[in-house]
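Counting the first sequence from 1 gives a position; our numbering is that position plus 841.
Remarks on the structure that follows.
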Amino acid sequence: MWKHPVKIKLDSSCITQLLKRSITDKPQLNVRLPNINNFLELIESCFQSKSLKGGKLIHQHLIKFNGGDFTTQSLLLDKLTRLYISCKKPQLAHCVFNSIPLLERKNKNILWNQMIRAYAWYGPFEKAIDLYNEMVEYGVTPTKYTYPFVLKACSALQDVETGVTIHWHVKRLNLDHDVYVCTALLDFYVKCGCLEEAKEVFDKMPERDVVAWNAMISGFSLHELSSEAIGLFSEMQERRVDPNSSTVVTILPVIGERSMLKEGKAIHSVCLMRGFNIDVVLGTSILDMYGKCGQLAYARKIFGDLALKNEVTWSAMIGACVICNSMREGLELFGKMRKEARESPSPVIIATVIRGCAKLNDLNIGIQIHCLTVKLGSVFDLMVSNTVLSMYAKCGSIDNAVRFFEEIHVKDSVSYSAMISGCVQNGYAEEALQMFRKMQISKVEPELATMMGLLPACSYLAALQHGACTHGYSVVRGFTTDISICNALIDMYSKCSKMNVARLVFNKMSRKDVVSWNAMIAGYGIHGLGKEANLLFQEMQNAGQKPDEVTFVALLSACSHSGLVSEGRHWFQAMSREFNIVPKMDHYFCMVDLLGRAGLLDKAHDFIRKMPFEPDSHLWNALLAACRIHKNIELGEEVSDKIQSLGPASSGNFVLLFNMYTTAQRWDDAALVRIKQKDLGFKKRPGCSWVEVNGKVHAFVGGDRSHPISDKINNKLEELFKEMKKLGYKSEPGFVYQDVEEEEKEDILLYHSEKLAVAFGIISCKSNKPILVTKNLRVCGDCHTSLKYISVIVKREISVRDTTRFHHFKDGICSCGEFW
DNA sequence: ATAGGGTTAG
């Protein structure tokens, strides 16, 4: 039967039968053992059918009958090695490969390369490097086909050291002119994060094909160097290298991230003109780009046109809905997807949907989706649970967030960062700092986003020492190259009254974005430095930075705090005429505030009447505040009626109205306001002040006696009070309830939280140090007056930051110039 | 190709 092997169709069962007999049975006289040619034929056949089983049987046979001459043996072993490789069994292949006699093996360059390639593809990757080293040791010269594979193994292992050594070998062998080898080196450096080395290889390449360009672009894009990626993409086109669909798929995420709609559209049209096949991958990346550019309609169109969709496509589409604030549509799509696809949704898609719920700000839907993650078992995915955590914080339910946080078994840096930010977002800045301490105890390493949570906490508490430490740590970790970190630093230093340091950080930034300028302008604004804010706004335009809505809120409020009425009016007009930004409620608020503070009450009222949309109670409140400052009771009452008809938004309205009546000594009306406030269930938020002493933040509420040195603080205040009276201080009765005796009123005022904090600061800090106190409400009028006196008595600078601005008291004068 | 924590104003 072995006489005509060619004619026999050798399928795997046939091989099995034949070889089993040859291995296990005693050789029978009438059955001749297969000869070398038969084996070659057999292996060839196994190759066709990728029969691992056949390969193994041949292997066994060869071990058993280790006969024949070396050359023929080698030939067989060579073939068998290749067979195993084609069956994705590099280790078996290696076994056979090693059994080829060394002398023979040394001549088999190609087989070495194929072995290395097999390990580079299927692993273990270390073996590819071992084989390469062995090859070099035996004096087998590596070729241009060796390097792409051994380098792939290096990048899989993130083994930079070996890769760099191999780079030297490449140079020595003069292979650094080969496009394939260079592209492989480039790819290796990119994947190991060595971008400078990658760029060097790229720049030195004598010629570059589209693959090399793609590798370099993806390197920049993977490492968030989006402008470099875009720059290279245009350079590639200038040099007339045609992008292919991989190029497009690489560059589109960068375009999306930067919301470069015009460029995105151009790339989309290139795809259509060149007739690129819009498959799932390309289609999804185009869809995603449109979503990130806020073009939901385009994204929907691409989504609808895609014949084949996978989970990534659905995920990108739902993500587009979330970005474009169409959360309901996103949730509907999610439902539809769950019906169409049998398998449960991936963590990525679940996280996207939860982010949508967070944006909806609907706690009930949030709880529902939390239940779903439990049902699907996705709560055990850390990424998903971190998203749930942040969703609770964003929906304002810090209790749920804390409870859920406790339930996470292994918390990572993201969990802690989300918790820290969540605390600050909900007004629990001290708790945010405590959470950071917990994180340190748990030995979880802080990341950039942790600092992004800590810095606003320091800003909130005016905790300069904490803030400066956070700055220092960020420098050490290299975070300060990040624009957002610098923006947060500018805000922190501004709110800790260190405008010069804020400006230094701002000046030193190599790249600024619109937030950087806004933060700096706002910083000048809260210090009443309106001129500086205006100058910086001019500089911003000279630098070519386009302002946004927030810029004008910052600029207008800066004008308001400094009484720059004509500048404010000018910019309000200009924002729509020159900058194409439609004024929103916030901008109208700033203008009413500006006119009102300046005493132009009728103009402010007129301004509200001429608004193109309905003013809310918050806006009327700005006018009410102005009525109180300028003691215009008639208008105040009219405005107050308006607020009542709209339904008051906060207790602030009641406080203002109440204070207005008491200033006018209309006690009965004032009392009615209190009763109504109580009936409607608006509680006055407790005022709280903070002061940082020696790196520790101390909190005070009005009348607080819980502080360890409370007695000393109260004694100090009484002492100051006597001095103040000598200098002519009289308490204003309008700031306290009218139903208490005159002396008690003084007592209540005496123990307002900001006074307690200032007194504590005076006792605890060296006499040359200025005192900085921050408060969660507006500073009270009596405190404002008192602090002027106190600044004279103690001969030091006292700063109080309230919710709207800074008050720097020095030599009896406040920097606010009564504009507050 | 999709994906968790984040900056500015009020």
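Cβ coordinates follow ideal geometry from the N, Cα and C atoms, glycine included.
With a 10 Å radius around its C-beta and 16 neighbouring C-beta atoms as the bar for buried, classify residue i as buried or exposed.
i, result
"Q955", "buried"
"Q869", "Only weak support exists for where Q869 lies, its pLDDT of 48 falling under 50; the value from the coordinates is given anyway. It counts as exposed."
"T1383", "Per the sequence shown, the amino acid found at residue 1383 is Asn instead of Thr. Label assigned to N1383: exposed."
"E1038", "buried"
"K1616", "buried"
"P1287", "buried"
"Y925", "buried"
"Y1139", "buried"
"H1411", "exposed"
"K920", "buried"
"G1569", "exposed"
"M1333", "buried"
"V872", "The predicted position of V872 is uncertain, since its pLDDT is 47 and thus under 50; a value taken from the coordinates is nonetheless stated next. When all chains shown are included, V872 counts as exposed."
"I1639", "buried"
"Y979", "exposed"
"Q1209", "exposed"
Just the Cα atoms here: how many angstroms apart are residue i and residue j?
i, j, result
"S1231", "T1392", "28 Å"
"E1584", "H1593", "Since pLDDT at E1584 reaches only 43, below the 50 mark, its modelled position is unreliable, and no value is offered."
"L1397", "C1606", "36 Å"
"S1656", "H1368", "8 Å"
"V1620", "E1595", "8 Å"
"A1270", "Y1301", "7 Å"
"S1671", "V1163", "In the structure as shown, the chain begins at 842 and stops at 1661. Residue 1671 is therefore absent and cannot be evaluated."
"K1629", "V1614", "14 Å"
"F1221", "I941", "50 Å"
"Y1030", "D1354", "30 Å"
"Q1275", "Q1414", "46 Å"
"M1361", "A1329", "10 Å"
"E1455", "K1472", "26 Å"
"S1530", "V1394", "26 Å"
"W1054", "G1060", "10 Å"
"N1556", "V1285", "44 Å"
"T984", "H1064", "31 Å"
"D1050", "Y963", "27 Å"
"T1311", "A1598", "24 Å"
"S1068", "E1659", "47 Å"
"Y1233", "C1198", "9 Å"
"R1141", "L1174", "11 Å"
"E1184", "A1463", "55 Å"
"M1293", "P1424", "29 Å"
Can the beta-carbon of residue i be found less than 8 Å from the beta-carbon of residue j?
i, j, result
"P989", "H1018", "no"
"G1308", "L1289", "no"
"K1336", "R1642", "yes"
"T1088", "V1121", "no"
"E1390", "I1422", "yes"
"V981", "N950", "yes"
"C1236", "L1213", "no"
"D1457", "L1435", "no"
"A1298", "I1261", "yes"
"G1116", "G1105", "no"
"R1646", "H1402", "yes"
"V1022", "V1011", "yes"
"I1324", "R1352", "yes"
"G1371", "M1340", "no"
"Y1131", "I1143", "yes"
"I1604", "I1612", "no"
"S1226", "I1249", "yes"
"I1189", "G1171", "Correcting the residue type first, residue 1189 is Val in the shown sequence and not Ile. No; because the gap between Cβ atoms is not below 8 Å, this pair is not in contact."
Spell out a yes or no on whether the segment 1648-1655 and the segment 1434-1442 are touching, meaning 3 or more CB-CB pairs, one atom from each, closer than 8 Å. Touching, no.
Is there contact between the segment 1528-1536 and the segment 1547-1555, where contact requires at least three CB pairs shorter than 8 Å? As far as the Cβ criterion goes, the segment 1528-1536 does not touch the segment 1547-1555, which means the pair count is below three.
In chain order, each beta strand (DSSP E) run of at least 3 residues that lies wholly inside the segment 976-1018: None, since the segment 976-1018 contains no complete beta strand (DSSP E) of that length.
Alpha helix (DSSP H) runs contained entirely in the segment 1168-1238, provided each spans 4 or more residues: Taken in chain order, the complete alpha helix (DSSP H) segments of 4 or more residues contained in the segment 1168-1238 are 1168-1181, 1188-1201, 1204-1217 and 1223-1235.
Ordered list of beta strand (DSSP E) runs contained in the segment 1442-1476, each at least 3 residues: Taking only runs of at least 3 residues, no beta strand (DSSP E) segment lies wholly in the segment 1442-1476.
Are the segment 928-939 and the segment 959-971 touching, with three or more C-beta to C-beta distances below 8 Å? A contact exists between the segment 928-939 and the segment 959-971.
Minimum length 4: unbroken alpha helix (DSSP H) runs contained in the segment 1278-1366: The segment 1278-1366 contains these whole alpha helix (DSSP H) runs: 1289-1302, 1305-1317, 1324-1336 and 1340-1349.
Ignoring anything shorter than 4 residues or poking outside the segment 1043-1075, list the alpha helix (DSSP H) runs there in chain order. Within the segment 1043-1075, the complete alpha helix (DSSP H) runs of at least 4 residues fall at 1051-1063.
How do the segment 1255-1271 and the segment 1211-1221 stand: do at least 3 beta-carbon pairs fall below 8 Å, yes or no? In this structure the segment 1255-1271 does not lie against the segment 1211-1221, because fewer than three pairs of beta carbons, one per stretch, are closer than 8 Å.
What residue ranges within the segment 920-955 form continuous alpha helix (DSSP H) runs of no fewer than 4 residues, ordered along the chain? Complete alpha helix (DSSP H) runs here, min 4: 931-940 and 943-946.
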